[in-house]
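Everything on this sheet refers to the single structure shown next.
Protein chains: 2
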Amino acid sequence: MNDTLTIEEVMTGIGRAAKDAAAELAFAPAEAKARALEAAADAVWAARADIIAANAEDLKFGEDKGLTPAMMDRLKLDETRIKGIVDSLRAIAAQKDPVGEVIAEWEQPTGLKIRRVRTPLGVVGVIYESRPNVTADAGALCLKAGNAVILRGGSESFHSSRAIHACLLEGLRAAGLPEAAIQLVPTRDRAAVSEMLTATDYIDVIVPRGGKGLVGLVQREARVPVFAHLEGIVHIYIDKAADPVKALDVVLNAKTRRTGICGAVECLLIHRDVVATIGQGVLRALAEKGVEVRGDAELSKLPGISAAEEDDWGREYLDSIVAARVVDDVDDAIAYIRKHSSSHTEGVITEDPEVAERFFQRVDSAILMWNASTQFADGGEFGMGAEIGIATGKMHARGPVGAEQLTSFKYLVTGDGTTRA
Amino acid sequence: MNDTLTIEEVMTGIGRAAKDAAAELAFAPAEAKARALEAAADAVWAARADIIAANAEDLKFGEDKGLTPAMMDRLKLDETRIKGIVDSLRAIAAQKDPVGEVIAEWEQPTGLKIRRVRTPLGVVGVIYESRPNVTADAGALCLKAGNAVILRGGSESFHSSRAIHACLLEGLRAAGLPEAAIQLVPTRDRAAVSEMLTATDYIDVIVPRGGKGLVGLVQREARVPVFAHLEGIVHIYIDKAADPVKALDVVLNAKTRRTGICGAVECLLIHRDVVATIGQGVLRALAEKGVEVRGDAELSKLPGISAAEEDDWGREYLDSIVAARVVDDVDDAIAYIRKHSSSHTEGVITEDPEVAERFFQRVDSAILMWNASTQFADGGEFGMGAEIGIATGKMHARGPVGAEQLTSFKYLVTGDGTTRA
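So the protein sequences, as listed, match chains X and B.
Take the first sequence: its letter number 339 is residue 339 in our numbering, and every next letter is one higher.
If you want our numbering, it's the 1-based position in the second sequence plus 1000.
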C-alpha cells in the first residue's frame, strides 16, 4: 500500500478498478472462470509452505494479541486445511456456471419473446474475520458468479489472506482475466470497512461474515445493500407427538456434533406433556455428553440442570451449553421463536404432520427442519456447493449463499419492429 | 389522527400493527385474500361518487398550490379512471396466489427432502406521489403477496387516497382479514416519510415511487432495504444493420405513444454509417410529430435539429423532446449507455443477430429490447399483471415489480430422525 494515499483514496481506487473488472467479467466465458479457479487451486497447493509460513506470522500476532483458543483454532492453517481450500476451489470450478442461464422464457400475445436471464450482481464487498479460508471461498464464489469482489479480511489473518490472495491472482492471470476481479484490501486500518460500507458508487452488495461487533457496525453504517448475516440462535421444538429416539438422536447431533457452527441448536422448547419422558431423557443425555443445560423455572428443578438467567433466552452460545424451557403447545413454541430467534434455522420433532405443517407455515426463518438435525443448515449439505454464509434477511438471498445467490437477472425482449398500441 | 401523539409515536403504532398483521397474513388462505380484493373492487365502484368528491378537494388544493397541468392530470379521477382501479383490483384478485408456491424441490443423498417455498416479505412501505390509483394497486399487490403494507401517498392526493383506502378496508373486513394489513399514513407531515425510511424494526422493504426529489431523499435517509426505482433514462441504438422501417416504427412509438411514462425513449444513438439515411429519416419523422430533437455537434447541423447542451445527455424529459447523437459502432453505444443510462430499459434496432447479442450481453439494464418499442417496459405487457413500478436496482427485484417480486422464500427440510455425520 502506497503510504502517501489516504484510506479513502486507496478504497476509491480499489472500487473503480473493481467496477471496471466487473464490466469485463460480466461476459467472461465460463471456461475462463473455471480455468482461473483450477489454476488458483494449483497455485495454493504449490505455495502451501509459503502460506503456512505466512500463517505462522498471523498466529504469532494472534498470540501477542491474546486471542482465545477458539479464535486461534479458526486462524490456524496446516496442510490438511490447505488441502480443504484446494478442494473447495476445484469444486467451485466444476460447478455449473450460473451466468447467462435462462431462468424463464415466454411469448406475449404481442409477439414479443421475453427471456429472464441470470446476470452477475456487479461488485461484491466481503467483510470477514479470522478464518483465512474465506479469502479463497468468497473470492472463488464471486468470480464464478461473474462478480468482481473486494475482500476485507480480519487483521488477525492479514498475512495468511495475502498469501492465499496471491494464488488467486495467479489463477486470474493464467486465465487472462483482470486481476482486479479479486482484490484484497491492503491495509489493516478499520477505516477501510467504513469506506466499503458507504461505497454506493462502487459496491453493489456487502456480505458481512463475522460476530456481533461486525454485524452491529454494518447495521449502523451500511449505505450499500447488505445480505443480512446474523447469528444462528437456533431452536428445536420437541412436540408431544415426538418420536423419543428421533428426538434424542436429532437433538444430540444438533448440539454436540460441532458446537461452534451457526446451525448448532441453542435452545430447546419441550412440550409440557413430554417433559417427564422424552424431555428428561434428552436433557440427561446432553448432560452426559458434557453439555451444560440451563433450564427455565420448571426444568431447573430437575437434577443436573442449572437455572437460566434472563439473557439466556435468545442467546447464541457456540459452545457446549444449551437453554431449555417448557412450552404449552406448538403455537406457544412458535410465539416464543418469533420473539427470540435470529431467523436462521429452527427445527421441530414430531410424528404429527399437522404440527409439522403448522410449524413450517408459521415460523419465518430461512431454514426449517422437521425430524432432522439443524446442523444440516449448510450450503454443501443442501447440494449447493460452497457457500459464503447463511443469509438471515429476506431480501434477495436467504439461507445458504452460493454462486447462484450472488447473481441478479435481466429481461431480454425480442420483437420484429413491434410497437405498443 | 390523534393530535396528542408525535409523528414518531403514530408511525411506531402503525409499524407494530403492520408487523402483527403480517404475521397473520403470512398464512391467510388464498381465497380470503382474493375475496378481500373482490370486495374492495365492489366497494370502490359503489363509492365512486364519494371518491370523485374527495378528489375534487385534492384538485382544489392542487390548483391553489399551482401544480403543473401534467401533475393535475395525474391527480385527477373520473368514472373511467375509477373503472380502471376496479378492473385492476379484480385482475389482481384473479391472479395466481404466489405464497406457498414450491419454487424448487429436491432430495439429498442424506435422505433429506428439501423444498424452497415462496413466502411473503413481511411489511412493505410504499412511498408515492400524486397518482391516487397507486393506493389501490400497491395495497392490492402487497396483500396478494401476503404482506402488510404501509402506504404513504403524496399530500396532493390525500383525500382521494383516503377515500380509496376506506374501500380497501371494507374488502379486508368482508374477508375477515386484519384491517392493519393495509394502512394509510394519516398525516401529510413529511416527517412520516423519514420515520418510514428508518423503521428497520417494522418495515422489511421500502418501495419508492416518484420523482427525483423522493428518490434522493430515499437514497440519503433509508436504513430499510429499498427497491431502487430510478428514472427511465431510456436509450435506443440504431445500428448500421437496422431495418429502416422497423427503426422508424419503433422509435416513433417509443417516443411519441406516451411521452410521460418511464419506458419512453429519451436518447437516440445512431450508427455513423446510417446517419444520412435511416437516421435523417427517423429524426425528420420525429420532428414532424412535434418532437424537439436535440442533437450533438454533428446532428445539430441538420435542418430542424437544435444543439444539445451538456445536461441533455443522461436526461429524462418525460416530454416531447429527444436527445440524439452519432456513435461509431455498437461498442461505442454500449460504452455511452453504461455511462448515462439509469439501468431501466434500453433498445437496439438491428437485423444483425451478433450485434443484438452483444448488446444483450453487455448492457446491464433491467430490460433490453431488440427491434421492439421501449414502451413495452411494463408489468402488464410482460404478462405479470399489475405492477408497483419498475425496479432499476439489481437486488431482489429487477424490472416490473408485481406480486411475485414482493415475496421471499424459505427452505423446508424433512428428515426422519436424520443426523449429520
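Note that the Cβ used here is the ideal one computed from N, Cα and C, for glycine as well.
Bear in mind the structure is a predicted one, so any value in this text is a computation, not a measurement.
| Query | Result |
| --- | --- |
| What are the residues of the segment 203–226 of chain X that lie near chain B, defined by any Cβ-Cβ distance shorter than 7 Å? | Asp204, Val205 and Pro225 |
| Check each residue of the segment 390–412 of chain X: if its Cβ is closer than 8 Å to any Cβ of chain B, include it; give the result in chain order. | Gly393, Lys394, Met395, His396, Arg398, Gly399, Ser408, Phe409, Lys410, Tyr411 and Leu412 |
| Relative to the C-alpha of Val149 of chain X, which residue among X:His159, X:Ser161, X:Gly122 and X:Arg131 is closest? | X:Gly122 |
| Would you mind sorting Lys144 of chain X into buried or exposed? The rule is 16 or more other CB atoms within 10 Å of its CB. | buried |
| For Gly295 of chain X, does the three-state DSSP call read helix, strand or coil? | strand |
| Can you tell which of X:Lys246, X:Lys301 and X:Pro120 has its C-alpha closest to the C-alpha of Pro29 of chain X? | X:Pro120 |
| Which partner residues of Tyr1237 of chain B appear in the DSSP bridge assignment? | B:Leu1269 and B:Val1348 |
| With burial defined as no fewer than 16 other Cβ atoms inside 10 Å of the residue's Cβ, what is the status of Ser306 of chain X: buried or exposed? | exposed |
| Does the Cβ-Cβ distance between Asp1189 of chain B and Ile1007 of chain B come in under 7 Å? | yes |
| Is it buried or exposed, Val1245 of chain B, if we count other Cβ atoms within 10 angstroms and call 16 or more buried? | exposed |
| Name, in chain order, the residues that DSSP records as bridge partners for Gln1183 of chain B. | B:Ile1150 |
| Can you tell me which residues form a DSSP beta bridge with Val1226 of chain B? | B:Ile1206 |
| Taking the alpha carbon of Met1011 of chain B as the point to measure from, which residue in B:Ala1041, B:Phe1027 and B:Ser1194 has its own alpha carbon closest? | B:Ser1194 |
| Mapping DSSP to helix, strand and coil, what is Pro109 of chain X? | coil |
| Less than 8 Å between C-beta atoms, sequence neighbours within five positions excluded: which residues of the same chain meet that for Glu1101 of chain B? | Val1117 and Arg1118 |
| With a threshold of 16 other CB atoms inside 10 Å of the CB of Ala1191 of chain B, please say whether the residue is buried or exposed. | exposed |
| Using the Cβ count rule (16 or more neighbours within 10 Å means buried), how would you classify Thr374 of chain X? | buried |
| Tell me where the beta strand (DSSP E) around Ser1408 of chain B begins and ends. | Thr1407 to Thr1418 |
| Are any of the Cβ atoms in chain B nearer than 7 Å to that of Thr277 of chain X? | no |
| With three or more C-beta pairs closer than 8 Å as the rule, is the segment 1346–1355 of chain B touching the segment 1397–1411 of chain B? | no |
| Quick one: is Leu1369 of chain B near chain X, going by C-beta distance under 7 Å? | The question names Leu, but residue 1369 of chain B in the sequence shown is Met. So yes, Met1369 of chain B belongs to the interface. |
| Could you tell me whether the Cβ of Arg1420 of chain B comes closer than 7 Å to any Cβ of chain X? | yes |
| So, helix, strand or coil for Arg1118 of chain B, using DSSP? | strand |
| Can you tell which of X:Ala34, X:Gly295, X:Glu381 and X:Arg223 has the C-alpha that lies nearest to the C-alpha of Asp311 of chain X? | X:Gly295 |
| Look up Tyr128 of chain X in the DSSP assignment and say whether it is helix, strand or coil. | strand |
| Listed in chain order, which residues of the segment 1252–1281 of chain B have Cβ atoms closer than 7 Å to some Cβ of chain X? | Asn1253 and Arg1257 |
| Give the DSSP-derived three-state secondary structure of Leu1318 of chain B in the structure shown. | coil |
| Taking Trp370 of chain X as part of the beta strand (DSSP E), name the residues at either end of that continuous run. | Ile367 to Ala372 |
| At the 7 Å Cβ level, is Phe27 of chain X part of the contact set with chain B, yes or no? | yes |
| What residue does the beta strand (DSSP E) around Ala1391 of chain B start on, and which one ends it? | Gly1389 to Ala1391 |
| Apart from the five residues just before and just after Ser88 of chain X, which ones in its own chain have a Cβ nearer than 8 Å to its Cβ? | Asn133, Ala136, Asp137, Ala140 and Ala386 |
| Quickly, what does DSSP pair Arg325 of chain X with across the bridge? List them, please. | X:Leu269 |
| Looking at the secondary structure, which residues open and close the alpha helix (DSSP H) in which Gly139 of chain X lies? | Asn133 to Lys144 |
| Note the first and the last residue of the continuous beta strand (DSSP E) segment covering Pro1488 of chain B. | Any property of residue 1488 of chain B remains undetermined from this structure, which presents chain B solely from 1001 to 1421. |
| Quick one: measure Cβ to Cβ for Ile1051 of chain B and Leu1077 of chain B, integer angstroms, because I've assumed they're closer than 8 Å. | 6 Å |
| Under 7 Å Cβ to Cβ from Asp1364 of chain B, same chain only, skipping five residues before and after it: list those, please. | Ser1343 |
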